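Residues in the sequence shown are numbered consecutively from 1, following full-length UniProt numbering.
All C-beta atoms, glycine included, are put in the ideal place defined by N, C-alpha and C.
This structure is a prediction, so every number in the text was calculated from the model and none was measured.
Below: one structure, written as structure tokens.
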Amino acid sequence: MIPKVTYGSRVRGLLEYLWGPGKAEEHVNPHLVAGYDDVALLAPEYRDREVGGWSLEELAARLDAPQIAAGERGVQQYVWQCSLSLPAQEGELDDATWSRIAGRFVAEMGFTGDAERAGCRWIAVRHGLSAKGNDHVHLVVTLATEDGAPVWLRQDKRRSQQVADLLEDEFGLGKWTPGRAGATKRPELNRPEVDRARRSGQAPDRELLRRQVRAALAGARSEAEWVARMKGAGLLVAPRTSAKDPNQVVGYAVALRPSGAGTPTWYAGRSLDGDLSLPQVRKRWPEAERPSTGQWKAADSTESSLRSEDRMAVWRSSAAALEATSGRLAGAAPDSPQWPAVARASAELLARVAAATEPSGRGPVSRAADALARAAAPPRRAPAPTASSVAGELGRVADALLVAGHARDGGEAAVLLAVVVQAARLVVALAELRAAQQQAHAAGAAAAAAAHLMPLLQSGAQVVDQVHVPTQGGPPQRPVHSVPGPARPRVDPNVDRDPQR
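Structural data, given as structure tokens:
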């Protein structure tokens with residue numbers, strides 16, 4: 001459950017929005033599910049549309065009354081609004097459950113008062129799924145008590161996260177937000193991004209870029225190679241230089257290539273995801289290998305072109321390698337220090353699979369890749385993860401998938417499906433591992449990733465036996481690319497990679 005807190009100064013304006021059609025015509029059935037008084041007494045009546053639709057005057061006056069009583073002592077932004085949203089995979093709750101959740105939430109936030117202080121007036125409004133398919137309610141609270149005393153808040157956004165965590169346990173809801181447990185946080189899409197994506201029928205730019213940048217990291221052995229891969233994927237890449245030393249890169253931004261004469265929309269790495277900022281990305285490579293500004297600008301990727309039979313051979317061997325890796329995860333100790341590296345490599349691999357199978361960025365593999373990245377999100381200020389031979393194998397599979405590219409016809413797509421199925425099994429194994437580690441939010445995000453892939457796993461498994469021929473000799477090997485930057489020796493599949501990997 002994800003709380004989002006905002007503030008305002010017009011109760012009537014907020015009510016008109018909540019009982020209106022919504023920005024995406026998603027408000028199909030606005031109604032009260034809970035409030036400070038009997039819902040039947042508070043609920044507005046519906047009038048004929050020609051005379052204004054809902055009658056909101058009385059409800060607005062009720063909510064405004066404590067603020068009017070507070071007078072000049074009152075809080076300027078006295079309208080506290082919090083949406084409580086469930087991920088789409090959680091499904092829908094009934095009104096009675098939302099009513100109990102809303103009541104518990106405002107009580108835990110301290111808005112209902114106690115023996116020493118009067119409570120605030122509040123309501124909970126439900127009006128259908130969001131534009132992204134999330135069940136949710138809106139809480140509206142007047143920041144003045146029944147006796148006219150102003151309510152001054154401190155760290156209420158942080159408290160809202162703590163209360164959401166508590167209520168997830170109390171109501172048996174899934175935990176899908178690793179950022180709440182100390183992991184790096186993912187910036188949310190803003191309304192213009194959502195609106196543009198809805199109009200175009202495409203995934204939002206930020207989501208596409210996040211996935212492409214992560215896919216470029218999969219198996220990359222240096223910063224220069226990562227930059228080259230981003231450019232090879234068609235992204236515009238701009239380094240941000242130090243004010244003291246223009247030859248030193250301290251950040252970066254990426255953009256999709258605009259169509260026609262359009263202007264690119266740039267996103268800094270940290271605005272894509274917390275673990276995609278340049279300082280976080282650089283933790284995997286030695287500091288001495290950092291490329292200069294000139295190397296960032298010059299980095300380029302050599303296109304690889306394989307014959308159809310070679311592409312299918314890569315996919316078959318990749319599927320075999322993933323199957324073996326899933327088996328290793330199933331019997332592994334949950335407390336191994338290697339698992340942060342394995343989780344990160346798994347998320348990057350799935351982003352690579354999504355790039356190969358769903359170029360539009362819309363589909364179950366893409367959604368699973370986004371969820372798995374949250375399951376693998378590192379703690380803020382965490383050191384580089386311990387080296388892992390399993391992570392190394394996943395990196396080599398990702399390398400091979402990058403070279404193989406996309407399926408060209410139905411026959412190739414059937415073979416590539418074997419990779420998707422084995423990747424799905426890997427995600428399921430990782431979800432079970434996260435659950436065994438008792439990392440509730442990471443386990444919830446991993447379970448969400450597995451749920452996205454389950455239909456593919458069930459429907460695709462029946463054709464895997466026809467296309468999956470395990471090969472001998474370990475995971476597929478990566479063809480050599482011409483990429484600026486220092487070269488690295490090939491690593492034996494049975495030996496852990498460099499700790500900085």
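beta-carbon residue i near the ligand ZN non-hydrogen atom, thresh 8 Å
i       : result
Arg-214 : Here there are no bound small molecules, and the ligand ZN is not part of this structure.
Between the CA atoms of residue j and residue i - distance to the nearest angstrom
i           : j       : result
Glu-193     : Asp-147 : 42 Å
Leu-457     : Phe-111 : 46 Å
Ala-124     : Lys-132 : 20 Å
Glu-358     : Ala-450 : 17 Å
Ala-107     : Gly-172 : 19 Å
Val-469     : Leu-235 : Legend: pLDDT at Val-469 = 41, less than 50; position of this residue unreliable, value from coordinates given subsequently. Their Cα atoms are separated by approximately 35 Å.
Leu-306     : Lys-175 : 43 Å
Pro-385     : Gly-219 : 15 Å
Val-397     : Ser-318 : 6 Å
Val-480     : Ala-215 : Model confidence at Val-480 stands at a pLDDT of 32, short of 50, so the residue's coordinates are unreliable and nothing is read from them.
Leu-278     : Gly-251 : 5 Å
residue 502 : Ala-144 : The structure shown has nothing for residue 502, since the chain only spans 1 to 501.
Glu-90      : Ile-2   : 12 Å
Pro-204     : Leu-15  : 29 Å
Tyr-7       : Ser-85  : 17 Å
Arg-282     : Ala-345 : 15 Å
Glu-188     : Thr-142 : 26 Å
Trp-19      : Arg-12  : 11 Å
Gln-338     : Ala-354 : 25 Å
Thr-241     : Arg-362 : 34 Å
Arg-478     : Leu-349 : Any reading at Arg-478 needs caution, since the residue's pLDDT is 38, under 50, leaving its predicted position unreliable; the model's value is listed next. Rounded to the nearest angstrom, the two C-alpha atoms are 14 Å apart.
Asp-95      : Arg-198 : 28 Å
Glu-92      : Ala-261 : 43 Å
Ala-429     : Gly-331 : 10 Å
Pro-44      : Glu-58  : 8 Å
Pro-209     : Ser-99  : Per the sequence shown, the amino acid found at residue 209 is Leu instead of Pro. Approximately 38 Å, taken between the alpha carbons.
Pro-334     : His-31  : 46 Å
Gly-71      : Arg-159 : 27 Å
His-127     : Ala-391 : 45 Å
Ala-446     : Arg-434 : 7 Å
Val-421     : Gln-295 : 38 Å
Cβ-based burial, residue i [other Cβ within 10 Å; buried from 16]
i       : result
Pro-364 : buried
His-136 : buried
Pro-378 : buried
Ser-388 : buried
Pro-21  : exposed
His-406 : exposed
Gln-438 : exposed
Ala-351 : buried
Leu-63  : buried
Leu-41  : exposed
Ala-164 : buried
Ser-308 : exposed
Thr-325 : buried
Ser-360 : exposed
Gln-155 : exposed
Asp-38  : exposed
Whole-number beta carbon distance between residue j and residue i, since they are thought to touch under 8 Å
i       : j       : result
Ala-442 : Ala-375 : 5 Å
Leu-453 : Leu-322 : About 13 Å separates the two Cβ atoms, so there is no contact after all.
Leu-167 : Cys-82  : With a Cβ gap of about 12 Å, Leu-167 and Cys-82 do not count as contacting.
Tyr-36  : Arg-121 : 5 Å
Ala-404 : Val-314 : 4 Å
Ala-356 : Leu-401 : 6 Å
Ala-382 : Ala-347 : That belief does not hold up - the Cβ atoms of Ala-382 and Ala-347 are roughly 15 Å apart, past 8 Å.
Exercise for review: Can you check the segment 233–283 for any beta strand (DSSP E) of at least 3 residues that lies completely inside it and give the ranges in chain order?
Suggested key: 236–241, 249–255
Point to revise | Three or more C-beta pairs below 8 Å linking the segment 72–88 and the segment 148–163 | key: yes
Exercise for review: Please list the segments of the beta strand (DSSP E) lying wholly inside the UniProt domain "MobA/VirD2-like nuclease" (75–173), counting only runs of 3 or more residues, in order along the chain.
Suggested key: 79–85, 120–126, 136–145
Review point. Quick one: any contact between the segment 262–272 and the segment 309–318, if contact means 3 or more CB pairs under 8 Å?
Key: no
Check your understanding: Quick check: the segment 220–227 against the segment 411–423, are there 3 or more CB pairs under 8 Å?
Key -> no
Review point. In chain order, which continuous runs of the beta strand (DSSP E) of length 3 or greater are located wholly inside the segment 18–70?
Key: 31–35
Exercise for review: Could you pull out every unbroken alpha helix (DSSP H) segment of at least 4 residues lying fully inside the segment 372–424, listed in chain order?
Suggested key: 389–404
Exercise for review: Mind listing, in chain order, the continuous alpha helix (DSSP H) runs of no fewer than 4 residues lying wholly within the segment 294–369?
Suggested key: 308–330, 339–357
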